[in-house]
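Going left to right, the sequence shown walks through residues 1 to 158 as full-length UniProt numbering numbers them.
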Amino acid sequence: MVSLLASFPVAFVGGQVVAVVGPNVAGKSSLFKRMAGLIEGPGQVRLQGSKKGPQGISYMPQGLSASALDMHRQVQVLGFMRALARKREVIVFIATHDLNQALRFADQVLVIADGTAQGSGPSAEVITESMLRKVYKVEARIERCSRGQHHILIDDIV
């Protein structure tokens, strides 16, 4: 389990992909630096390992994100990360700006804005039209395609 404790306590368990999302300069990279022990900040970031210990955590930095890949490779890499999380019972953290990828591949989402957590939980429950309006300042719809997957359609800025 990973607990990220500050003004908003969240906890995640092994076997899941956690997408950390938020606008530019929200604090995503700082969170990962804190998790790695590279910087300090307010509150606590506590990594609690199961019998496997805290090494049961993987992180795909935003600079290496799948958004730089073509569609085929994006699906391949993110599918691999999800399979890795399940097979090894580790938590795979992915920092991303692509909320459609988060809806498709992440089990859980942690939304960060202005350096604080704004929400966390199952992807389809956290990524909502009201969250998009509040955090991203966009008017958007979330619709299901014919295969049942959620997709975000941005209509305008707020």
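We treat Cβ as the ideally placed atom computed from N, Cα and C, and that holds for glycine.
Would you report the Cα separation of residue 159 and Phe105, rounded to the nearest angstrom?
Residue 159 falls outside the range modelled here, since the chain spans only 1 to 158, and no answer is possible.
In whole angstroms, what separates the C-alpha of Ile127 from that of Ala26?
16 Å
Delimiting residues of the alpha helix (DSSP H) encompassing Gly79:
Met71 to Arg88
Sorted by chain position, which residues of the same chain lie with C-beta nearer than 6 Å to Ser50's C-beta, five sequence neighbours on each side aside?
Note that Ser50 scores a pLDDT of 45, beneath 50, so its modelled location is shaky; the value from the coordinates is reported in the next line. Same-chain partners within the cutoff: there are none.
Under 7 Å between C-beta atoms of Gln118 and Val135:
yes
Boundaries (first-last residue) of the beta strand (DSSP E) holding Arg133
Premise fails: Arg133 is in no beta strand (DSSP E) and is neither H nor E.
Determine the extent of the alpha helix (DSSP H) in which Val126 is found, giving its start and end residues.
Ser123 to Val126
If Gln74 and Ala83 are in contact, beta carbons under 8 Å, what's the gap, nearest whole angstrom?
That belief does not hold up - the Cβ atoms of Gln74 and Ala83 are roughly 15 Å apart, past 8 Å.
How would you write the range of the alpha helix (DSSP H) that Arg104 sits in, first residue to last?
Leu99 to Phe105
When burial is assigned at 16 or more other CB atoms within 10 Å of the CB, is Ser130 buried or exposed?
exposed
Roughly how many whole angstroms lie between the Cα atoms of Met81 and Val158?
34 Å
Suppose the cutoff is 6 Å on Cβ atoms and the five residues either side in sequence are ignored; what does the same chain contact list for Asp156 look like?
Glu139
Three-state secondary structure (DSSP) at Arg147?
coil
Just to check, is the beta-carbon of Ser29 closer than 6 Å to a non-hydrogen atom of the ligand FMN?
The ligand FMN is not among the ligands present in this structure, which contains no ligands whatsoever.
Just curious, the beta strand (DSSP E) that Leu110 is in, first and last residue?
Gln108 to Ala113
So Phe12 packs on Gln101, CB below 8 Å; how close in whole Å?
The Cβ separation is near 18 Å, so there is no contact.
Between Val111 and Asp98, what straight-line distance do the alpha-carbon atoms span, to the nearest angstrom?
12 Å
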